[in-house]
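Numbering (our numbering), first residue to last: 1280 to 1467.
As structure tokens, then:
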């Protein structure tokens, strides 16, 4: 499922799974990491500005676009979405053109990523694929830790996405192994 995320000044989307509800669709996110440097280094503000622009373009809602419409340089319409064989799980959206809301570099990374993934998973980059925007991840919070992910407070470890370095659910889960090994060594 695709879920709505409300921030103070903008909206985003995120993937969601229910224990007791199933969907015929699969969802995944393509994220394009942006690290700004001199003279503009405020990654948080940059991400928020993208969120605000997308919310403006979407009339206060996330934008939904068929991949085929994006490739043809046209906005999606509810008529084309309804005639697709994929039924979007999040309907509180504006059919539109994500190219109007996302910076070109981010958009080209998403398109390139879809085309590359299509070589491994044929059909993922077909005209009916539904694209939602924006999905923004903020990784500004970073906690100082040592190599075992232990903080300055002895015995307090930060694993998962707590230290702000994981970036996704798989690596967040994997980081738990680092302090676990150290704790096992200490406890015996």
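Glycine residues also receive a C-beta, built at the ideal position from the N, C-alpha and C atoms.
Asked	Found
On a Cα-Cα basis, can you pick out the residue from 1303, 1348, 1366 and 1373 that is closest to residue 1290?	1373
Under 7 Å between the Cβ atoms of residue 1410 and residue 1457?	no
Going by DSSP, what residues sit across from residue 1345 in a beta bridge?	1409
On the DSSP letters alone, give me the boundaries of the beta strand (DSSP E) that residue 1388 sits inside.	First-last for residue 1388: 1383-1399, but that is the alpha helix (DSSP H), not the beta strand (DSSP E).
Would you report the Cα separation of residue 1287 and residue 1461, rounded to the nearest angstrom?	39 Å
So what does DSSP say about residue 1284, is it helix, strand or coil?	strand
Taking 8 Å as the limit between beta carbons, can you name the residues of its chain near residue 1315, skipping five residues before and five after?	1321, 1322 and 1325
What's the C-alpha gap between residue 1350 and residue 1464?	54 Å
Less than 8 Å between C-beta atoms, sequence neighbours within five positions excluded: which residues of the same chain meet that for residue 1381?	1329, 1333, 1389, 1412 and 1413
Would residue 1394 and residue 1404 be called neighbours here (beta carbons separated by less than 7 Å)?	yes
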